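Peer 1: I am attaching a structure below and will ask some questions about it afterwards.
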Amino acid sequence: MPTITLPDGSTKSFDGPVTALAVAQSIGPKLAAAALGCKVDGELRDLSTLLDRDCSLAIITERTRDKQPDKDALFLMRHTAAHIMAEAIQDVLGKEIQLAYGPPTDTGFFYDMFVPAGKSISSDHFAAIDARMAAIIKENRPITRYELPAGEGLAKLKAEGNKYKLDNAERALGLPPTQYKGAKSDAEPKAAASNANARLSFYATGEAGKNWEDLCRGPHVPSTGRVGAAKVMSLASSYWHGDENSDRLMRVYGTAFASQVELDSHLTQLEEARKRDHRVVGKALRLFHIDDQVGQGLILWTPNGSVLRQQLADFIGEELRKQGYHQVFTPHIGRLELYKTSGHFPYYKDSQYPPIIEREALEQLMAQGCGCAEMMNRVEGVSARLAASLNERTGREVIAADRVRPDEELLDGYMLKPMNCPHHIKIFASQPHSYRDLPVRLAEFGTVYRWEQSGELNGMTRVRGFTQDDAHLFCTEEQVPAEIVGCLSLVKTILTTLKMNDYRVRVGLRDPDGAKYTGTAENWDRAEKACRDAARSMGVPFTEAPGEAAFYGPKIDFMIKDVIGREWQLGTVQVDYNLPIRFDLSYIGPDNKPHRPVMIHRAPFGSFERFCGVLIEHFAGAFPAWLAPEQVRVLPISEKTNDYAVSVVDALKAKGLRATVDLGGDRIQAKVKEAADMKVPYMAVVGPRDAENNAVSVRARGIQKDLGAMPLAAFVDAIAREVATRGAEPLQING
RNA sequence: GCCACCGUAGCUCAGUGGUAGAGCACUCCCUUGGUAAGGGAGAGGUCAAGGGUUCAAAUCCCUUUGGUGGCUCCA
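Numbering (the working numbering), first residue to last: 97 to 831.
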């Protein structure tokens, strides 16, 4: 006699078990007709779910009360669409395509499948797959769920010969995988393994035993027709369970919406996003260039982009001076021993460029007949002296005995720096410090190099060489909270000035069971509390992420959403107990004894490259005047006013403004269009009328008309003020 | 790294085995025009690089190189 509680708090009682659909029908036929699925005690389920005990129930329909697409409804539709696409692909390309894993995602769904040698799926097949999908949707076949006892289900899958599905089932049942010995087992054997009642569920797209079916946890919409519109989007490769040592699969992406109109508008939105893409805008506005011959992932800052970067650097430089930072400069390379001490080498060698070895040393090795393997051993080796002191300081074996080599065998070299901290530490350590000196804040726009996999590279947002607006703060334990707050307020100032308000803050904390962390539990507790308190004081949404801390300390990351909805980690603040130990840093305390300082790493922008990439998309290239590479373009009506136009540009330049003049033979309409295409914030149109009155006719970006004439001197002053205040006092025109 | 697609003029792109194309940008000429493209002419390419097949290759095949999308959220 189940009692069902509905979202409005009302209850309904039934004599015996009922399906969610029956409950919907008892509320109203329209609701039942619109229903796609349900939520039982908050869990998304099929409409056919049998409710046999008291529970809360919400019926999922295409739209929420305010007519917005319902997220759960989309999830259900896309899950079903994944099945429909898989069926369509097998229809088009053959049953030899083995299905592996096909879940919904935030923007659609994908299906990973094994494509046997000799077969391949390419975008040429998309039209056929789309057509087949549309047909299946039109057939409006019911989705049928059935369950088998675990043993029977496994036997069925074994008979079908799909090892991926078998593996999935074993994992779902909590059994040890028999199919993938080498694959990492993310699932701990669950209690379910011993549960004799464990069952596997299957979904047929139509009639069980007759139509296409798939091992699937569900849930799904009640019939294929309830998927409004679906489309294959793209292809990619993936690994089984994300494990690169496991099988390589083909991933087919698709998306589905409640209606064709919504699908179309999604596609249009993607198109719009592409127009804002920093790579597209960057090329059109000539902001940066990446050259094959220079190298992948290496940004060449062209004059226009350099203006952007310089303005950001100046902006942050001012803030740093206000906050008592010291500017430093350090080289782009450093000796390997430095990074052996810091721990960067060779532990992160997969993400670093290989070491630079001096030519003489190389020639000597060659003369000795030394092979590559031996050379790497000598490069990675550590002297007994360094190993002993590092192991002692850190209190554990950070340098294993087998890495220790006799001094005469060690081969030193240089490394492109992957981080700035070791250099800054050496500046700090170059002289003794009293507690009265602290905190010491060393800032540098430091360029670092990291070897990212080629497939990870992306325009300016994922690169191999980048310049961080980096700083390292050396302070006492007690000063940590105040310093973190200072760092966060800096980030907030920057983001607010740039009107980048769509971000969240993530506080990375240590794992509860973490044994891998450096530093004492008390220090960690204090630092984590400081991070949490500081994040809270910002007044922006923040989440705590246990396990996201670095091994050397907790951190605070700023995650910024770009126009395509991707999140980028930009600014970061990290507390570090490890490097002060490894480098044996100290300051003299009031007790006249040496104490260990704490380090804080922070980079408000992250890197200029990524930040500018995101900034370009944020503004779609239409930068505020203070950032714009070209702030004013002067447009003479005809060559008769060229001389006056030049004098206007000179007046603007005299105030330090970035102004150009278009002396070409085009008509004014063409000149206006060109300046608008380049997203110049202000145009100063000048003709005989203006020349006579020593005035300019102003046109602002985004406003499709002439804003009228204003005296030249007033215009120059107004623009200069807008730029100097970074947009806080914009040009006012009576228009 | 891996899978799919792609690389043709400065930019955006046509060109499926038979003499390398268009629009924009550029240079010059005409036009001297008051707010999102006035008209004409010209110049510009080792078709990413290398190799192969062919009487003939931008086009077909192989290799290299670069770019784009993607590489999980228990079935």
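Note that CB positions come from ideal geometry on N, CA and C, so glycine has one too. As the structure is a computational prediction, the values presented were derived from the model and not from experiment.
Could you give the residue range of the beta strand (DSSP E) that holds residue 495?
Peer 2: Position 399 of the first sequence, counted from the start, is the residue given in the question as residue 495. Here residue 495 belongs to no beta strand (DSSP E), and DSSP marks it neither H nor E.
Peer 1: Where residue 465 and residue 505 are concerned, what is the direct C-alpha to C-alpha distance, given to the nearest angstrom?
Peer 2: For the purposes of this step, residue 465 is identified with residue 369 of the first sequence, where counting begins at 1. For the purposes of this step, residue 505 is identified with residue 409 of the first sequence, where counting begins at 1. Using only the alpha carbons, I get a separation of about 14 Å.
Peer 1: Measure the alpha-carbon distance for residue 552 versus residue 127 and round it to whole angstroms.
Peer 2: Taking the first residue of the first sequence as 1, we reach residue 552 at position 456. Taking the first residue of the first sequence as 1, we reach residue 127 at position 31. Distance between the alpha carbons of residue 552 and residue 127 is about 47 Å.
Peer 1: Can at least three beta-carbon pairs, one atom from the segment 561-568 and one from the segment 691-710, be found at a separation below 8 Å?
Peer 2: yes
Peer 1: Pick helix, strand or coil for residue 781, following the three-state DSSP scheme.
Peer 2: On the first sequence, position 685 is the one that residue 781 refers to. In this structure, residue 781 counts as strand in the three-state DSSP scheme.
Peer 1: Return the chain-ordered list of same chain residues with a C-beta closer than 6 Å to the C-beta of residue 186, the five sequence neighbours on each side being excluded.
Peer 2: On the first sequence, position 90 is the one that residue 186 refers to. Around residue 186: 193.
Peer 1: So does the segment 535-543 actually touch the segment 487-495, counting three or more Cβ pairs closer than 8 Å?
Peer 2: no
Peer 1: So residue 617 and residue 652 are supposed to be a Cβ contact under 8 Å. How far apart are they, rounded?
Peer 2: Position 521 of the first sequence, counted from the start, is the residue given in the question as residue 617. Position 556 of the first sequence, counted from the start, is the residue given in the question as residue 652. Not quite, the Cβ-Cβ distance comes to about 20 Å (not below 8 Å), so this is no contact.
Peer 1: Taking C-beta to C-beta, are residue 238 and residue 319 nearer than 8 Å?
Peer 2: The residue labelled residue 238 in the question sits at position 142 within the first sequence. The residue labelled residue 319 in the question sits at position 223 within the first sequence. In this structure, residue 319 lies closer than 8 Å to residue 238 by Cβ.
Peer 1: Do residue 515 and residue 544 have their beta-carbon atoms positioned less than 8 Å apart in this structure?
Peer 2: Reading the first sequence from its first residue, position 448 is the one you call residue 544. Reading the first sequence from its first residue, position 419 is the one you call residue 515. Contact: yes.
Peer 1: Three Cβ pairs or more, each shorter than 8 Å: is that satisfied between the segment 349-369 and the segment 164-171?
Peer 2: yes
Peer 1: Between the C-alpha atoms of residue 510 and residue 452, what's the straight-line distance to the nearest angstrom?
Peer 2: By 1-based counting over the first sequence, the position of residue 510 is 414. By 1-based counting over the first sequence, the position of residue 452 is 356. Computed Cα separation, rounded: 5 Å.
Peer 1: Give a yes or no on whether the C-beta atoms belonging to residue 411 and residue 556 are separated by under 8 Å.
Peer 2: Locating residue 411 in the first sequence gives position 315, counting from the first residue. Locating residue 556 in the first sequence gives position 460, counting from the first residue. No.
Peer 1: With burial defined as no fewer than 16 other Cβ atoms inside 10 Å of the residue's Cβ, what is the status of residue 258: buried or exposed?
Peer 2: Sequence index remark: in the first sequence, residue 258 carries index 162 (1-based). Residue 258 should be labelled buried.
Peer 1: From residue 688 to residue 681, what does the alpha carbon distance come to, in whole angstroms?
Peer 2: As a working note, residue 688 is residue 592 in the first sequence. As a working note, residue 681 is residue 585 in the first sequence. C-alpha separation (whole angstroms): 15 Å.
Peer 1: Per the DSSP calculation, residue 205 is bridged to which residue(s)?
Peer 2: Position 109 of the first sequence, counted from the first residue, corresponds to residue 205. DSSP, once it has assigned bridges, lists 200, 350 as partnering residue 205.
Peer 1: Can you find the residues in the same chain that come closer than 6 Å, C-beta to C-beta, to residue 308, ignoring five residues on each side of it along the sequence?
Peer 2: Here residue 308 corresponds to residue number 212 of the first sequence, with the count starting at 1. Only 183, 301 meet the Cβ criterion.
Peer 1: Let me know the secondary structure DSSP gives residue 335 once reduced to three states.
Peer 2: Here residue 335 refers to the residue found at position 239 when the first sequence is read from its first residue. In the structure shown, residue 335 sits in a strand (DSSP, three-state: E or B).
Peer 1: Tell me the residue span of the beta strand (DSSP E) that contains residue 299.
Peer 2: The residue given as residue 299 occupies position 203 in the first sequence. Run containing residue 299: 295-301, per the beta strand (DSSP E) assignment.
Peer 1: Given residue 821, which residues of its chain have a CB within under 7 Å of its CB, disregarding the five upstream and five downstream residues?
Peer 2: In the first sequence, the residue the question calls residue 821 occupies position 725. Excluding sequence positions up to five before and after residue 821, its CB lies less than 7 Å from no other CB in the same chain.
Peer 1: According to DSSP, is residue 683 part of a helix, a strand, or is it coil?
Peer 2: As a working mapping, residue 683 is identified with position 587 in the first sequence. It is a strand residue.
Peer 1: Find the nearest neighbour of residue 114 within the set 104, 124, 226, 100, judged by alpha-carbon distance.
Peer 2: Here residue 114 is taken as the residue at index 18 of the first sequence, counted from 1. The shortest C-alpha separation from residue 114 is found at 100.
Peer 1: Tell me the start and end of each unbroken beta strand (DSSP E) in the segment 729-806 that is at least 3 residues and wholly inside, in chain order.
Peer 2: 755-757, 778-782, 791-796
Peer 1: Does DSSP put residue 834 in a helix, a strand or coil?
Peer 2: For the chain, the structure presents residues 97 to 831; residue 834 sits outside this window and is missing.
Peer 1: Comparing alpha-carbon positions, which option in 161, 592, 645 lies nearest residue 606?
Peer 2: Residue mapping note: residue 606 aligns to position 510 of the first sequence, counting from 1. Looking at the Cα atoms, 645 is the closest of the given residues.
Peer 1: Hey, how far is the Cα of residue 458 from the Cα of residue 468?
Peer 2: By one-based count along the first sequence, residue 458 stands at place 362. By one-based count along the first sequence, residue 468 stands at place 372. Each residue's Cα considered, the two are about 11 Å apart.
Peer 1: Got a sec? Which residues, its chain only, sit under 6 Å from residue 724 by beta carbon, not counting five neighbours each side?
Peer 2: One-based indexing of the first sequence puts residue 724 at position 628. Same-chain partners within the cutoff: 777.
Peer 1: Between which two residues does the alpha helix (DSSP H) holding residue 109 run?
Peer 2: Translated into the one-based positions of the first sequence, residue 109 becomes position 13. Element bounds for residue 109: not the alpha helix (DSSP H) but the beta strand (DSSP E), 107-109.
Peer 1: Would you list the residues sitting across from residue 468 in a DSSP beta bridge?
Peer 2: Locating residue 468 in the first sequence gives position 372, where the first residue counts as 1. In the DSSP output, where bridge partners are listed per residue, residue 468 has none listed.
Peer 1: DSSP three-state call for residue 837: helix, strand or coil?
Peer 2: Beyond the ends of the chain as shown, which are 97 and 831, falls residue 837; an answer cannot be given.
Peer 1: Tell me the start and end of each unbroken alpha helix (DSSP H) in the segment 495-566 that is at least 4 residues and wholly inside, in chain order.
Peer 2: 517-525
Peer 1: Report all residues from its chain with a CB closer than 8 Å to the CB of residue 287; omit the five preceding and five following residues, and keep chain order.
Peer 2: Locating residue 287 in the first sequence gives position 191, counting from the first residue. Residue placement at residue 287 cannot be trusted, given a pLDDT of 43 that sits under 50; the coordinates are not used to answer.
Peer 1: What are the residues that DSSP puts in a beta bridge with residue 242?
Peer 2: Within the first sequence, the letter at position 146 stands for residue 242. 298, per the DSSP bridge assignment.
Peer 1: Quick one: residues in its chain with C-beta nearer than 6 Å to the C-beta of residue 685, no 5 flanking neighbours on either side, listed in chain order?
Peer 2: Taking the first sequence and counting its residues from 1, the one referred to as residue 685 is at position 589. The answer, listed in chain order, is 531, 691.
Peer 1: Report yes or no: do the segment 631-640 and the segment 588-604 share at least 3 C-beta pairs separated by less than 8 Å?
Peer 2: yes
Peer 1: Are at least three pairs of beta-carbons, each pair with one atom in the segment 401-415 and one in the segment 728-741, less than 8 Å apart?
Peer 2: no
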